[in-house]
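Okay, structure first, notes after.
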Amino acid sequence: MRVLLPLAFLALTAAAEGPPLAPAQEAEARALMHELRCLVCQHQSIADSDADMAADMRAVVRDRIAAGENPAQVKAYLVSRYGDYVTFDPPKTGANLVLWAAPLLFLAIGGVAVWRLYRRKGA
């Protein structure tokens, strides 16, 4: 009886995160889970997070992989549902491009300020 309770718990946990997958599909699903950000934890992948939302997202990944979708299709679905932020490597387009370019812009402004300061002292 004591053995059955932990086994039942493991079965419920596994069922909550999607259907069992073939080894190749499981490898694809796990690789994809490491590329997706937990929206609750924000600094962890859904593979590493203990949040309920991450468990739900893992179940979605497993369900869709089991249904025959490839990882790119699953990722596209999750991006359409949660936005680009769900990936650890969001595309560098549109509004995101400003965020990617801002450090270079500030570095250039700082360089011009230092150059003008030294030019003024030398004159």
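In mature numbering (1 follows the signal peptide of the UniProt record, and there is no 0), the protein residues as written are -16 to -1, 1 to 107.
Using N, Cα and C, we set each Cβ at its ideal position, and we do this for glycine too.
On a predicted model such as this, the values are computed, not experimentally measured, just so you know.
For the options Ala97, Ser33, Ala8, the alpha carbon positioned closest to that of methionine 17 is the one of Ser33. The distance from the Cβ of valine 70 to that of arginine 21 is about 6 Å, consistent with a contact at the 8 Å cut-off. The DSSP-derived three-state label of leucine 83 is helix.
Shown here, serine 64 sits in a helix according to DSSP, grouped into three states.
Measuring C-alpha to C-alpha distances from valine 44 to each of Asp68, Gly78, Asp73, Leu5 identifies Leu5 as the nearest.
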